[in-house]
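Peer 1: The numbering of the sequence shown is numbering that gives the first Met the number 0, which starts it at 0 and goes up by one.
We put the beta carbon where it would ideally sit given N, CA and C, even for glycine.
Just passing along the structure, written as structure tokens.
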Amino acid sequence: MSKIENMFSGSALKDRKALVFGASRGLGRAAAEQLAAMGADVVLLARSAERLRLVADELREKYRIATTIEAADLLDEAALAAVLGRHADTDLLITNCGGPPIGPYLQTSLEDWDAAYRQIVRAVVQATQALLPHMAGRHFGRVVMIASRTVQHPLPLMAISNSLRKALLGIAETIADEFGEKGITANLVCPGLTRTERMQEVLSARARNAGKPEDELLGEMLRPIAAGRVGRPEEIAAVVGFLCTDMAGYIQAQCLLVDGGRKL
Ligand SMILES: NC(=O)c1ccc[n+]([C@@H]2O[C@H](COP(=O)([O-])OP(=O)(O)OC[C@H]3O[C@@H](n4cnc5c(N)ncnc54)[C@H](OP(=O)(O)O)[C@@H]3O)[C@@H](O)[C@H]2O)c1
């Protein structure tokens with residue numbers, strides 16, 4: 000007999016522990032809230048302890064779950080190792096980070112590439128290498144990487160994102176191959192234009208580059224989007240939440256575009 004579950008109930012992720020990177024604002028914060036709403040305990044990581052504390056207090060009160068804050072820089076290997084050591088019992092790993100610098104290819108410095116690699120790729124390798132053996136021991140694990148639609152569709156002025164984020168798919172494919180039989184899945188959630196501080200940063204940079212007012216440029220950016228609007232962080236978070244459920248156990252190494260049906 001088939002067993003249909005209410006995947007978004009307040010207890011769907013009860014007894015699960017999530018570690019969410021970049022959880023102080025934007026998409027990471029929304030993902031953390033979605034998981035908390037589904038009953039998971041959450042560990043929130045970002046650099047700003049102050050912002051993390053506000054998020055943690057809010058989620059704990061609203062959803063009656065346990066919260067831990069970890070103020071750490073993803074670029075700092077030792078700091079990240081210490082966090083991972085403290086949370087080896089993580090069931091749900093949500094990787095996410097600050098967006099890389101935006102600009103014409105020739106103006107991206109090698110230092111920009113190095114820093115972006117450390118945050119976008121290396122931190123994910125470090126975290127998954129540390130946590131996968133524990134997840135495998137418990138026969139359950141979810142790795143959800145918040146990436147970008149640039150994984151499939153390159154965007155102007157985003158050379159670093161266009162290039163490095165594709166590596167995440169390779170990592171997810173490898174994890175799926177080596178750990179799939181241990182009840183572990185690895186997938187990418189790939190947002191399009193979504194209302195956050197980072198989106199404002201991208202909009203301003205592109206408007207400056209094009210010499211156009213931001214309103215006009217936003218209008219142009221919305222034209223190829225079937226939904227005709229900017230996305231909401233909660234709409235990205237809902238996909239993260241679903242991928243963390245038991246029922247998403249047969250989805251492996253996918254890059255799920257959540258971009259309002261953008262055509263270009
Ligand atoms: N919003 C969009 O339209 C969109 C579309 C496609 C892809 N994305 C990508 O999705 C990711 C999240 O986007 P967002 O819009 O939520 O960005 P955001 O508003 O800039 O938030 C980034 C989060 O990452 C944390 N963070 C940044 N650098 C960090 C570091 N070195 N170590 C630890 N934490 C760090 C930030 O907190 P602290 O500053 O306190 O560390 C913050 O919590 C980005 O990589 C972005 O490029 C966004």
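Is V238 a contact residue of ligand 1, with contact defined as CB to any heavy atom under 8 Å?
Peer 2: No, ligand 1 has no heavy atom inside 8 Å of this Cβ.
Peer 1: Does D40 come out as helix, strand or coil in the three-state DSSP assignment?
Peer 2: Three-state result, D40: strand.
Peer 1: Would you kindly report the start and end of the unbroken alpha helix (DSSP H) that includes G169?
Peer 2: G169 -> alpha helix (DSSP H) spans 158-178.
Peer 1: As an exercise, report each continuous alpha helix (DSSP H) stretch of at least 4 residues that is fully enclosed by the segment 65-107, in chain order.
Peer 2: List check, alpha helix (DSSP H) in window: 76-85.
Peer 1: Do you know whose CA, among A17, E215, A115, N95, lies nearest R24's CA?
Peer 2: R24 has its Cα closest to that of N95, out of A17, E215, A115, N95.
Peer 1: Check each candidate in A65, A87, A70 and name the one with the smallest Cα separation from L51.
Peer 2: Measuring from the Cα of L51, the nearest candidate turns out to be A70.
Peer 1: Across the segment 219-226 and the segment 243-262, are there enough close Cβ pairs to call them in contact, namely three or more that are closer than 8 Å?
Peer 2: Taking 8 Å as the limit for Cβ pairs, the verdict is that the segment 243-262 does touch the segment 219-226.
Peer 1: Identify, in the order they occur along the chain, each residue of the same chain with its Cβ nearer than 6 Å to the Cβ of A17, setting aside the five sequence neighbours on each side.
Peer 2: So the qualifying residues of the chain are L34, A39, V41, L91.
Peer 1: On a CA-only basis, which of M157, A175, T127 is nearest T107? Give me that one, please.
Peer 2: Here the closest residue by C-alpha is M157.
Peer 1: At the level of alpha carbons, what is the spacing between S10 and E32?
Peer 2: Those two C-alpha atoms are separated by around 14 Å.
Peer 1: Per DSSP, what kind of secondary structure is A55 in: helix, strand or coil?
Peer 2: Correct three-state label for A55: helix.
Peer 1: Can I145 and I93 be called in contact, C-beta distance under 9 Å?
Peer 2: In this structure, I93 lies closer than 9 Å to I145 by Cβ.
Peer 1: Relative to the C-alpha of V19, which residue among I3, N208, T67, L105 is closest?
Peer 2: The shortest Cα separation from V19 among I3, N208, T67, L105 belongs to T67.
Peer 1: Between which residues of its own chain and H86 is the CB-CB distance below 6 Å, once the five residues before and five after are set aside?
Peer 2: Counting only Cβ-Cβ distances below 6 Å, and skipping sequence neighbours, we find L18, V42.
Peer 1: By Cβ distance below 7 Å, which residues in the same chain neighbour R205 in space, the five residues on each side in sequence not counted?
Peer 2: Cβ within range, chain order: L156, L216.
Peer 1: Nearest to L242 by CA position, among R197, I183, L105, is which residue?
Peer 2: Of the listed residues, the one whose Cα sits closest to L242 is I183.
Peer 1: If you reduce the DSSP assignment to three classes, tell me which class I224 lands in.
Peer 2: Strand.
Peer 1: Leaving out the 5 sequence neighbours to the left and right, which residues in its chain are closer than 7 Å to A209 when beta-carbon positions are compared?
Peer 2: Excluding positions up to five away in sequence, the list reads L216.
Peer 1: Less than 8 Å between the CB of T193 and some heavy atom of ligand 1, yes or no?
Peer 2: Checking the Cβ of T193 against ligand 1 gives yes.
Peer 1: Go to F20, then tell me how far its beta strand (DSSP E) extends in each direction, as first and last residue.
Peer 2: Where F20 is concerned, the enclosing beta strand (DSSP E) stretches over 16-20.
Peer 1: In this structure, does DSSP put G140 in helix, strand or coil?
Peer 2: If DSSP states are grouped into helix, strand and coil, G140 belongs with the strands.
Peer 1: Among the residues of its own chain, which have a CB less than 6 Å from the CB of P190, if the five just before and after it don't count?
Peer 2: Closer than 6 Å at Cβ, skipping near neighbours: I235, V257.
Peer 1: Find the nearest neighbour of L221 within the set S8, M134, M198, judged by alpha-carbon distance.
Peer 2: For L221, the nearest C-alpha among the options comes from M198.
Peer 1: Rounding to the nearest angstrom, what Cα-Cα distance links R121 and L73 in this structure?
Peer 2: In a straight line, the C-alpha of R121 is about 9 Å away from that of L73.
Peer 1: How big is the Cα-Cα spacing for A36 and L105?
Peer 2: Computed Cα separation, rounded: 44 Å.
Peer 1: In this structure, what does DSSP give as the bridge partners for A264?
Peer 2: Nothing can be reported for residue 264: it is not among the residues displayed for the chain, which extend from 0 to 263.
Peer 1: Within the present structure, is the beta-carbon of Y118 separated from the nearest heavy atom of ligand 1 by less than 8 Å?
Peer 2: Here residue 118 is Gln; the residue named in the question, Tyr, does not match the sequence. Checking the Cβ of Q118 against ligand 1 gives yes.
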